[in-house]
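Some notes on the structure that comes next.
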Amino acid sequence: MPAGRIAVLPAPALGAALELVHSRYADPIQVADLADAAGYSQHHFSRMFAASMGVAPAQYICAHRIDAAKRMLLDSDFPVIDVATTVGFDSLSSFTRRFRDSVGVPPAHLRRLAGEVASTTLTPFALGDGAAPAITVRMQFPTDDEISRGPGVPRATWVGWFPRPSPIGLPAEGMLTWTDELTLPLCPGNPWLLGFTVSTNVDAHEVLAPERPLVAIHMQPIFAPSAVTLRFERADPFAVPMLPALPSLRTRLA
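Letter 137 of the sequence shown, counting from 1, is numbered 136 in numbering that gives the first Met the number 0, and no numbers are missing.
Right under this line is the structure:
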């Protein structure tokens with residue numbers, strides 16, 4: 000291993016920590032609990048977990064709580080405070096702040112956004128500096144995606160720039176497209192390219208809180224004009240959940 004590179008967690012240790020989060024995210028679990036499950040000191044576990052997953056363990060726990068909250072908000076009419084406590088938050092203000100930072104809209108607005116998505120079509124738009132140097136993005140999708148969409152049904156694909164290689168928070172810039180190839184202006188300070196695609200005929204829940212999203216993450220940051228390929232695949236159940244409410248980006252056009 001090159002000097003300075005942090006090792007990733009062995010698969011059994013990482014799996015034990017991830018399983019603990021999935022089974023007990025609503026409980027008051029701490030990073031120390033995950034470290035114990037993995038069999039490492041908290042210090043070494045935290046560094047190796049971040050190297051393995053792209054986010055710190057506390058961020059991973061919070062991301063799964065926020066993901067569960069999104070689903071509860073869309074599937075029920077529970078008050079926001081009840082949703083917050085159910086997924087493990089003991090402060091409404093803390094929950095609201097974390098939710099807004101992770102999803103891009105406050106909890107109550109997610110329900111309104113679902114209504115807007117249900118009544119409109121996911122039509123293309125772009126956000127960013129059209130005069131900036133650009134990359135060419137070619138997208139590859141699994142063959143079963145076309146079969147599941149049905150003949151003649153287009154796919155809507157968000158491609159956006161993020162500050163980190165994880166789908167937490169709204170992208171700084173990007174676009175929604177119906178094509179498989181596009182030209183995308185670079186976004187200084189946000190070098191990570193992530194994508195998410197759905198059929199244009201899916202319901203709002205599948206857009207805002209998909210169970211197994213079809214996603215892509217370019218594995219290296221991009222700083223200069225180039226041609227890149229984004230390969231989409233179903234997200235692993237233990238991956239960092241896709242949190243941003245991407246349809247809300249259209250409001251920036253106003």
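We treat Cβ as the ideally placed atom computed from N, Cα and C, and that holds for glycine.
Nothing here was measured: the structure is a model prediction, and the numbers come from that model.
Worksheet item: If we count the other Cβ atoms within 10 Å of its Cβ and call it buried at 16 or more, is D76 buried or exposed?
Response: The sequence position of residue 76 within the sequence shown is 77, counting from 1. So D76 ends up on the exposed side.
Worksheet item: So what's Q41 in DSSP terms, helix, strand or just coil?
Response: Counting from 1 along the sequence shown, the entry for residue 41 is found at position 42. Of the three classes helix, strand and coil, the one that applies to Q41 here is helix, per DSSP.
Worksheet item: Skipping 5 residues on each side, what residues in its chain have a beta carbon closer than 7 angstroms to that of P240?
Response: By 1-based counting over the sequence shown, the position of residue 240 is 241. A62, H63, D66.
Practice prompt. In angstroms with no decimal places, state the Cα-to-Cα distance between H108 and A55.
Written response: Locating residue 108 in the sequence shown gives position 109, counting from the first residue. Locating residue 55 in the sequence shown gives position 56, counting from the first residue. Between H108 and A55, the C-alpha separation is close to 28 angstroms.
Item to complete: Decide if E18 is buried, meaning its Cβ has at least 16 other Cβ atoms within 10 Å, or exposed.
Response: Taking the sequence shown and counting its residues from 1, one reaches residue 18 at position 19. So E18 counts as exposed.
Item to complete: Look at the alpha carbon of P243 and the alpha carbon of Y39, and state the distance between them as a whole number of angstroms.
Response: As a first step, residue 243 is located in the sequence shown; it is residue number 244 there, counting from the start. As a first step, residue 39 is located in the sequence shown; it is residue number 40 there, counting from the start. When rounded, the distance between both Cα atoms is 32 angstroms.
Item to complete: Give a yes or no on whether the C-beta atoms belonging to A133 and P184 are separated by under 7 angstroms.
Response: As a first step, residue 133 must be located in the sequence shown, where it is residue number 134. As a first step, residue 184 must be located in the sequence shown, where it is residue number 185. Result yes, Cβ atoms of A133 and P184 sit closer than 7 angstroms.
Worksheet item: Would the beta-carbon of V116 fall within 7 angstroms of that of A203?
Response: For this step, residue 116 is matched to residue 117 along the sequence shown. For this step, residue 203 is matched to residue 204 along the sequence shown. Yes, these two residues count as a Cβ contact at 7 angstroms.
Worksheet entry | Inter-residue spacing [alpha-carbon to alpha-carbon] between T84 and V102 | Along the sequence shown, read from residue 1 onward, the residue named residue 84 stands at position 85. Along the sequence shown, read from residue 1 onward, the residue named residue 102 stands at position 103. In a straight line, the C-alpha of T84 is about 18 angstroms away from that of V102.
Practice prompt. Please list, in chain order, all residues of the same chain as L181 whose beta carbon is under 6 angstroms from its beta carbon, the five residues on each side excluded.
Written response: By 1-based counting over the sequence shown, the position of residue 181 is 182. Result list for L181: V136, in chain order.
Item to complete: For P220, I'd like the list of residues in its chain whose CB is within less than 6 angstroms of its CB, leaving aside the five on either flank, ordered along the chain.
Response: The residue given as residue 220 occupies position 221 in the sequence shown. So the qualifying residues of the chain are P190, W191.
Worksheet item: Residues in its own chain within less than 6 angstroms of T176 by CB, not counting five upstream and five downstream?
Response: As a position in the sequence shown, residue 176 is number 177, starting the count at 1. So the list reads P123, T156, once near-sequence residues are dropped.
Discussion item. Going residue by residue through the segment 18 to 91, where are the continuous alpha helix (DSSP H) segments of at least 4 residues, counting only ones entirely within it?
Written reply: 30 to 37, 41 to 52, 56 to 74, 79 to 85
Worksheet item: How big is the Cα-Cα spacing for I5 and H42?
Response: In the sequence shown, residue 5 corresponds to position 6, counting from 1. In the sequence shown, residue 42 corresponds to position 43, counting from 1. If I take the Cα positions, the gap works out to 12 angstroms.
Practice prompt. Report the residue ranges of all alpha helix (DSSP H) runs contained in full by the segment 161 to 221; include only those spanning at least 4 residues, in chain order.
Written response: 203 to 207
Fill in: Whole-Å CB distance - A215 paired with F231, under 8 angstroms assumed
Working through the sequence shown from its first residue, we reach residue 215 at position 216. Working through the sequence shown from its first residue, we reach residue 231 at position 232. 4 angstroms between Cβ atoms; contact.
Worksheet item: Would a C-beta distance cut-off of 7 angstroms place P105 and R111 closer than the cut-off?
Response: For the purposes of this step, residue 105 is identified with residue 106 of the sequence shown, where counting begins at 1. For the purposes of this step, residue 111 is identified with residue 112 of the sequence shown, where counting begins at 1. Cβ atoms of P105 and R111: not closer than 7 angstroms.
Fill in: For P27 and K69, the rounded distance between their alpha carbons
Sequence index remark: in the sequence shown, residue 69 carries index 70 (1-based). Sequence index remark: in the sequence shown, residue 27 carries index 28 (1-based). Roughly 19 angstroms separates the two Cα atoms.
Worksheet item: Considering only residues of the same chain and omitting the five flanking positions on each side of M52, which have a CB-CB separation below 7 angstroms?
Response: One-based indexing of the sequence shown puts residue 52 at position 53. So the qualifying residues of the chain are Y59, V239.
Discussion item. Please report the distance separating the alpha-carbon of V206 from that of G127.
Written reply: Residue 206 sits at position 207 when you count from the first residue of the sequence shown. Residue 127 sits at position 128 when you count from the first residue of the sequence shown. Taking the straight line joining both Cα atoms gives about 22 angstroms.
Worksheet item: Can you name, in chain order, every residue of its own chain whose Cβ lies under 7 angstroms from the Cβ of C186, other than the five neighbours on each side?
Response: Position 187 of the sequence shown, counted from the start, is the residue given in the question as residue 186. Same-chain partners within the cutoff: G127, W160, A171, E172.
Practice prompt. Return yes when the Cβ of A25 is within less than 7 angstroms of the Cβ of G87, no when it is not.
Written response: Locating residue 87 in the sequence shown gives position 88, counting from the first residue. Locating residue 25 in the sequence shown gives position 26, counting from the first residue. Going by C-beta atoms, G87 is nearer than 7 angstroms to A25.
Discussion item. Applying the 10 Å Cβ sphere with the 16-neighbour rule, what's the burial state of M0?
Written reply: By 1-based counting over the sequence shown, the position of residue 0 is 1. Here M0 scores only 45 on pLDDT, less than 50, and its place in the model is too uncertain to base an answer on.
Practice prompt. Would you tell me roughly how many angstroms separate the C-alpha atoms of L121 and R249, rounded to the nearest one?
Written response: Counted from its first residue, the sequence shown places residue 121 at position 122. Counted from its first residue, the sequence shown places residue 249 at position 250. Roughly 10 angstroms between the two C-alpha positions.
Worksheet entry | Span separating the alpha-carbon of D143 from that of M47 | As a position in the sequence shown, residue 143 is number 144, starting the count at 1. As a position in the sequence shown, residue 47 is number 48, starting the count at 1. Distance between the alpha carbons of D143 and M47 is about 35 angstroms.
Discussion item. Using DSSP's beta-bridge definition, name the partner residues of R154.
Written reply: Walking along the sequence shown from the start, residue 154 turns up at place 155. Beta-bridge pairing links R154 to S198.
Practice prompt. Quick one: grab the DSSP three-state call for R233.
Written response: Taking the sequence shown and counting its residues from 1, one reaches residue 233 at position 234. Here R233 sits in strand by DSSP.
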